Each structure stands twice: as C-alpha cells, then as structure tokens.
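S.K.: Sending over a structure as structure tokens; questions will come in a sec.
Structure (structure tokens):
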C-alpha cells in the first residue's frame, strides 16, 4: 500500500486545492470527515451545493450576494457617489464592522500581481471604470493592503481614473492600535510622522 | 452588513469544523470556491459523496478501506501474527512507505487523552483486545508518536495485553536522520545514548 484508496486520494486532491492547504492538512481533513457520522458529510455537501445555487455576484459592486443588486448597493441609505474599492469580499465586512462608512463598495477580487499572471483584465477593473464613467461618482477610496500588490493596484487605478473629475483617496497610514512604537518598522513610523495630527 | 449571506456563513461554519481551521481560513476557502467555475464545486461535492459511499472501516484492523477486510489484512503475504498498533490511518501509510514491515496493522483512531475526553472506550482498543485474544498473536508493536498521549497509550496497552503470551515492543528512540546532535533535546539524546549500538 503506497497510496490511500482512490476515493480518499480524490478528496485529498480536492482539499489540496484550497488556499494554503498542503497535502498533509488535506489528509487530516479527509480522515476527520471519515470519522464523522454520515449526516455531517451530508451537511457539508449541502452547504457546498447551496453556495453554488444561492450566491451570485452583484452586478454593480461585484461582491458575492444572495440578491442582485446586493443589499448595500440596493440600500437607500448608502451614498452611491462614494465607492470604496477593495480586493476581496472579506475587506467589505471588515470595513462594515467599523460602522464608519456609509458609501458603497467595489470588489476587484484580487490585486495586481503580474508575476502570478494577475493583470488588470483578471480583476473587476473594467466594471469599476464603467461604473465611474456612467455615474456621477464623487470619491473613490482605494482600500488595499499596504503591500506591493496593494500599492501597485492603487497606482494603476489612480492613473486609470484620473481623467474623471473625482477625489481619489487611500486609507490612512500610521501606527496600528495596540502596536508598539519600539517594534514599528521604518516605513510605518515614517508614515506616522508624515501624517501626524493635532493632539 | 455585519455577516455574510447565510449560505456563505453556513459553509464557513462547516469548514470551521475541520481540524486546525479557524474562521479566517474557512472564509478564504469559501471565497476561493465561489471564484471557481461551477464544475469545480461539483467535483468537490462528488468527492465528498464518494468517500461516504465507497470507504468503510476494515473489520479486522479498523483502517479505512474500500474493501473489508482491507488489502493488507486480506493479503497472503502479510504476517498475521504481528500487529503494529498505530494512532491514525496516516501512520499506516508512513510505515508502509519504509518497505520494512510485512506484518499487519491496527488503527486505534486516536490516542488516550483524558483531558479532552478521549478515554479507552473512544478508541478501537476493545477490538484490539479481542483480536489478540482470538488469534495467536506473537508480537505487538506500539507505534505512537513519542509524546505524552503516545506514551500513555503505550502504557495502557502494555498493561492490557500483558496477560497474553506475546512480545510487546515500541519503536526505537534516538536521533532522527538529518537532525543535529547540538540541537537534540535531552530526552532524545539520553535515548540515543541508552540505545547505542555496535558501529
């Protein structure tokens, strides 16, 4: 025996495709599932079935949603002229949780990363361009991770959207709450100094 | 929006149950799947369906298998009187890969861990006891991880099986191949000294 039975190998291969899951973790998932009562596997199957059936992409902001347009795009209470552009659906939830934002969103579903083949056409950038062109957008907030991919996506969008008459902003940079000045990296500390404000 | 749509939350909850998978990883799995073409989700669903249908537990060694008895227990070429007792199916494959073992196995599906509620009755220990009692077993190899749970499971089985006339062994202890003496912990080095052999 140098391999598991085929059915086990097949499911290991499927789990192995999930982000950051290696072969060993995939094996552990399968053997965990094999130890569960059959209804547990059925529940997982049903849940996978359901996202396939029930979840679509909002034709306005491209976020995953049960409705199209999604609840945020359809809401009367949201400012339709401010768009916060994020890389992924998780970032929408993170910003929503602050309770500080009442505009709408646009989910790119990734950030630019040419070495990994993620060019502008792979992201929902055309959709953003069209949205800005056809509506009277006042402000675009570029809310990406402060890393190379995030910065270059910001740069690309800034260039792309500069012909339009709108304000383009990025998220503030500085010390994260709870972090220690002593351990802050130079760039973070430089940003915090540059963006210092009246106490 | 303080939560994802229900279908997404449901699948996050399912993935969240997998061993060592937290909420954030579970979210990433779901959004990864949502970005895949529908046939990919179907493949995963089919694979989960298949392990439920095709994989059973071998009634002799308790390992997961397509056949019952499994290929190893059914094989004419394996020594039925030597049983290597392991914690999990993955350990069977690891030992098989050495090509050095021609006996059979017994999978306990865990190790004793009273604080987490894993008592002897939760493991396939009764099945092992019965197997030893009813067959003329010559040797039991206790092949557990060299940690507290592994050692206490070994101890428990040694006590349980001592009334039978058989040899009980554990895996050799010492320096792992490729490890550095300088960084070996005291217990490993003590074991290596105790078990030193003619060069």
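Chains as they are written, first to last, in the working numbering: chain A, 108 to 306; chain B, 108 to 306.
Beta carbons: idealized from backbone N, C-alpha and C, even for Gly.
Since we're looking at a predicted model, the values are computed, not measured.
1. Note down, in chain order, each residue of its chain lying with its Cβ closer than 8 Å to the Cβ of residue 309(A), except the 5 sequence neighbours on either side.
2. Smallest Cα separation from residue 301(A): which of 289(A), 287(A) and 282(A)?
3. Is the shortest distance between the beta-carbon of residue 231(A) and the beta-carbons of chain B less than 9 Å?
4. From the DSSP secondary-structure annotation, give me the bridge partner or partners of residue 249(A).
5. Whose CA, out of 160(A), 290(A) and 257(A), lies closest to the CA of residue 277(A)?
6. Rounded to the nearest angstrom, what separates residue 109(B) and residue 208(A) at their Cα positions?
7. Cβ atoms of residue 172(B) and residue 112(A): under 9 Å apart, would you say?
8. Going by DSSP, what residue range makes up the alpha helix (DSSP H) through residue 150(B)?
9. Since residue 257(B) is in the alpha helix (DSSP H), which residue starts that stretch and which ends it?
10. May I have the straight-line CA-CA distance separating residue 205(A) from residue 199(A), to the nearest angstrom?
11. Give me the Cβ distance between residue 268(A) and residue 275(A), rounded to the nearest whole Å; I'm assuming they're in contact under 8 Å.
12. Kindly indicate which three-state DSSP category residue 119(B) falls into: helix, strand or coil?
13. Taking residue 118(B) as the query, report the chain A residues whose CB atoms sit under 9 Å from its CB, ordered along the chain.
14. What did DSSP end up calling residue 132(B) once you bin it into helix, strand or coil?
15. Please work out which residues of its chain come closer than 8 Å, Cβ to Cβ, to residue 184(A), disregarding the five sequence neighbours upstream and downstream, and give them in chain order.
16. Classify residue 121(A): buried if its beta carbon has 16 or more other beta carbons within 10 angstroms, exposed otherwise.
17. Excluding the 5 residues flanking residue 226(B) on each side, which residues of the same chain have their C-beta closer than 8 Å to its C-beta?
18. Could you name the residues that DSSP lists as bridge partners for residue 172(A)?
19. What does the alpha-carbon distance come out to for the pair residue 296(B) and residue 289(A)?
20. Excluding the 5 residues preceding and the 5 following residue 140(A) in the sequence, name in chain order all residues of the same chain whose CB lies nearer than 7 Å to its CB.
21. Would you give the residue range spanned by the alpha helix (DSSP H) that residue 236(A) belongs to?
22. From residue 188(A) to residue 180(A), what does the alpha carbon distance come to, in whole angstroms?
23. Counting only Cβ pairs nearer than 7 Å, list the residues of chain A close to residue 135(B).
24. Can you tell me whether DSSP reads residue 272(B) as helix, strand or coil?
25. Taking Cβ-Cβ distances shorter than 7 Å, what residues in chain B pair up with residue 139(A)?
26. At a CB-CB cut-off below 8 Å, which residues of chain B make contact with residue 216(A)?
27. Suppose the cutoff is 6 Å on Cβ atoms and the five residues either side in sequence are ignored; what does the same chain contact list for residue 259(A) look like?
28. Given that residue 171(A) touches chain B, what residues does it touch there, using C-beta distances under 8 Å?
29. Pick out whichever of 246(B), 240(B), 272(B) and 142(B) has its Cα sitting closest to the Cα of residue 164(A).
30. Give the residues of chain B in contact with residue 195(A), contact being defined as C-beta atoms less than 8 Å apart.
31. Less than 9 Å between CB atoms is the rule here; does residue 132(A) satisfy it with respect to chain B?
M.R.: On the basis of the supplied data:
1. A query on residue 309(A) cannot be resolved here, the shown segment of chain A reaching from 108 to 306 and no further.
2. Position 194 of the first chain, counted from the first residue, corresponds to residue 301(A). The residue with the shortest Cα to Cα distance from residue 301(A) is 282(A).
3. In the first chain, the residue the question calls residue 231(A) occupies position 124. It does not: the Cβ of residue 231(A) has no partner Cβ on chain B nearer than 9 Å.
4. For the purposes of this step, residue 249(A) is taken as residue 142 along the first chain, with counting starting at 1. Its beta-bridge partners are 192(A) and 277(A).
5. Here the question's residue 277(A) lines up with position 170 in the first chain. The option with the nearest alpha carbon to residue 277(A) is 257(A).
6. Residue numbering aside, residue 109(B) sits at position 2 when the second chain is read from its first letter. Residue numbering aside, residue 208(A) sits at position 101 when the first chain is read from its first letter. Spanning the two alpha carbons is a distance of roughly 13 Å.
7. Taking the first chain and counting its residues from 1, the one referred to as residue 112(A) is at position 5. Taking the second chain and counting its residues from 1, the one referred to as residue 172(B) is at position 65. Yes, the pair counts as a contact, with Cβ atoms nearer than the cut-off.
8. Indexing the second chain from 1 puts residue 150(B) at position 43. Counting along the chain, the alpha helix (DSSP H) containing residue 150(B) begins and ends at 145-161.
9. As a position in the second chain, residue 257(B) is number 150, starting the count at 1. Element bounds for residue 257(B): 255-268.
10. As a working mapping, residue 205(A) is identified with position 98 in the first chain. As a working mapping, residue 199(A) is identified with position 92 in the first chain. Roughly 10 Å separates the two Cα atoms.
11. Along the first chain, read from residue 1 onward, the residue named residue 268(A) stands at position 161. Along the first chain, read from residue 1 onward, the residue named residue 275(A) stands at position 168. With 8 Å as the limit, residue 268(A) and residue 275(A) qualify as a contact, their Cβ atoms being about 6 Å apart.
12. As a working mapping, residue 119(B) is identified with position 12 in the second chain. Residue 119(B) falls in the helix class under three-state DSSP.
13. Your numbering for residue 118(B) matches position 11 in the second chain. Per Cβ cutoff of 9 Å: 151, 154, 155, 157 and 158.
14. Here residue 132(B) is taken as the residue at index 25 of the second chain, counted from 1. Residue 132(B): helix per DSSP, three-state reduction.
15. For the purposes of this step, residue 184(A) is taken as residue 77 along the first chain, with counting starting at 1. Closer than 8 Å at the Cβ level, and outside the excluded window around residue 184(A), lie 209.
16. In the first chain, counting from the first residue as 1, residue 121(A) sits at position 14. The residue is buried, with at least 16 neighbouring Cβ atoms inside 10 Å.
17. By 1-based counting over the second chain, the position of residue 226(B) is 119. These residues qualify, in order along the chain: 219.
18. The count along the first chain starts at 1 and reaches residue 172(A) at position 65. BP columns for residue 172(A) point to 163(A).
19. Locating residue 296(B) in the second chain gives position 189, where the first residue counts as 1. Locating residue 289(A) in the first chain gives position 182, where the first residue counts as 1. Cα to Cα, residue 296(B) sits roughly 40 Å from residue 289(A).
20. Taking the first residue of the first chain as position 1, residue 140(A) is located at position 33. The residues are 148.
21. Counting from 1 along the first chain, the entry for residue 236(A) is found at position 129. Its alpha helix (DSSP H) spans residues 232-241.
22. Here residue 188(A) refers to the residue found at position 81 when the first chain is read from its first residue. Here residue 180(A) refers to the residue found at position 73 when the first chain is read from its first residue. Looking at the two C-alpha atoms, the distance is approximately 11 Å.
23. Working through the second chain from its first residue, we reach residue 135(B) at position 28. What residue 135(B) touches in chain A: 126.
24. Position 165 of the second chain holds residue 272(B). Coil, per DSSP.
25. As a working note, residue 139(A) is residue 32 in the first chain. Neighbours of residue 139(A) on chain B, chain order: 125 and 126.
26. For this step, residue 216(A) is matched to residue 109 along the first chain. 142, listed in chain order.
27. As a working note, residue 259(A) is residue 152 in the first chain. If we look at residue 259(A) and ignore the five residues flanking it on each side, its Cβ neighbours are 219.
28. Translated into positions along the first chain, residue 171(A) becomes position 64. Within chain B, the residues near residue 171(A) are 111, 112, 115, 138 and 141.
29. Counting from one through the first chain, the residue named residue 164(A) turns up at place 57. Of the candidates 246(B), 240(B), 272(B) and 142(B), the one whose C-alpha sits nearest the C-alpha of residue 164(A) is 142(B).
30. Numbered from 1 along the first chain, position 88 holds the residue referred to as residue 195(A). Simply 138.
31. In the first chain, the residue the question calls residue 132(A) occupies position 25. It does; some Cβ of chain B falls within 9 Å.
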